[in-house]
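The structure appears below as structure tokens.
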Amino acid sequence: MRESPVNDAAATLDGTRLVRTLSILGEPHQILDAWCDVGVQQQVLSGLAELQSGDGYASQWRLRLPLERHLELEYRRGEACLGESVSYVGSGEHGLHLQTTLSVRAAPDGFGCETTLAVEYRVEGGIVAQAVAKLVGAAPDALVGKVLHRFKAWIECGEVPTLRDNPSARGRDHHEH
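Dropping the structure here:
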């Protein structure tokens with residue numbers, strides 16, 4: 057399994073761009089189709105964002121921020137290149153602009169695909185927008201990696217790992233019968 061360095065973040069004129077690459081065992085069409093499936097999106101983004109309404113083409117999400125804050129986001133499919141990539145664009149409260157692109161190519165060893173998730177975001181506006189950007193802080197890079205790892209698990213295993221029903225799950229009463 058290959059993964060790009062943890063911090064590929066770079067400020068651009070348009071915003072902050074984060075790029076993560078991970079080898080995923082799957083065919084390009086399978087990977088891209090799953091990425092566009094709103095049910096898969098819900099599982100991969102569980103705990104990070106909640107689907108309010110929509111489908112794999114246009115949807116409304118409620119993003120979770122630190123300190124019990126939330127942000128509403130309109131998200132829609134943009135450009136798609138058959139067997140290569142699919143992009144989504146979003147805009148939300150407080151001047152948030154988001155673009156995500158998932159691209160795939162055959163792995164160098166011919167085993168699976170190198171899957172790259174690029175996320176670019178920008179927050180425009182005054183004091184409120186600056187406060188939102190500070191709330192997010194350095195976390196987006198870790199979140200992009202988490203989303204890509206969850207997606208890999210879904211493609212390769214058919215589910216996103218969770219501790220929900222595991223005895224080691226936090227906050228659960230282990231003495232129930």
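Residue numbering for the sequence shown follows our numbering, beginning at 57 and increasing consecutively.
Note that CB positions come from ideal geometry on N, CA and C, so glycine has one too.
Note that the structure is a prediction, hence the values are computed from the model and not measured.
Determine the burial state of residue i: buried for a count of at least 16 other Cβ atoms within 10 Å of its Cβ, exposed for fewer.
i: Leu88; result: buried
i: Gly168; result: buried
i: Thr157; result: buried
i: Gly201; result: buried
i: Gly82; result: buried
i: Ser109; result: exposed
i: Leu119; result: buried
i: Pro84; result: buried
i: Leu101; result: buried
i: Leu138; result: exposed
i: Thr218; result: exposed
Am I right that residue i and residue j are in contact with their C-beta atoms under 8 Å? What's the rounded C-beta distance?
i: Glu130; j: Ser143; result: Their Cβ separation, rounded to whole angstroms, is 15 Å, which puts Glu130 and Ser143 out of contact at 8 Å.
i: Glu106; j: Trp117; result: 7 Å
i: Glu170; j: Arg161; result: 5 Å
i: Ser79; j: Ala163; result: 5 Å
i: Leu199; j: Leu121; result: So it is not a contact: roughly 11 Å between Cβ atoms.
Using a Cβ-Cβ cut-off of 6 Å (strictly less than) and excluding sequence neighbours within five positions of residue i, which residues of its own chain qualify?
i: Glu305; result: There is no way to answer for residue 305, as the model of the chain reaches only from 57 to 233.
i: His153; result: Ser147 and Arg178
i: Thr172; result: Thr77 and Ser159
i: Ser60; result: Low confidence applies here, because Ser60 scores a pLDDT of 42, under 50, leaving its location unreliable; read the following figure in that light. These residues qualify, in order along the chain: Arg76 and Thr77.
i: Phe207; result: Val100
i: Val203; result: Val100
Who are the near neighbours of residue i in its chain, counting only those whose CB is closer than 8 Å to its CB and skipping five residues on each side?
i: Gly112; result: Cys92, Asp93, Val94, Gln97 and Arg133
i: Asp165; result: none
i: His205; result: Leu78
i: Ala114; result: Glu130, Tyr131, Arg132 and Arg133
i: Glu212; result: Ile80, Leu81 and Gly82
i: Met57; result: Below a pLDDT of 50, predicted positions are generally treated as unreliable, and Met57, at 42, falls in that range; the measurement from the model is reported next regardless. Cβ neighbours of Met57 beyond the five flanking positions: Leu78 and Ser79.
Can you list, in chain order, the residues of its chain with a C-beta nearer than 7 Å to that of residue i? Leave out the 5 residues immediately preceding and following it.
i: Val149; result: Here residue 149 is Glu; the residue named in the question, Val, does not match the sequence. Excluding positions up to five away in sequence, the list reads Leu127 and Glu128.
i: Gln99; result: Trp210 and Val216
i: Ala67; result: Summary for Ala67: the model assigns pLDDT 38, below 50, so the residue's position carries little reliability; its value from the coordinates is reported in the next sentence. Excluding residues within five positions, none has a Cβ falling inside 7 Å.
i: Ala90; result: Val96, Trp210 and Ile211
Compute the distance between the beta-carbons of residue i and residue j, then report whether it is under 8 Å.
i: Gly181; j: Gly151; result: yes
Pick out the complete beta strand (DSSP E) segments inside the stretch 77–159, 3 residues or longer, and give them in chain order. 105–110, 114–121, 125–137 and 141–148
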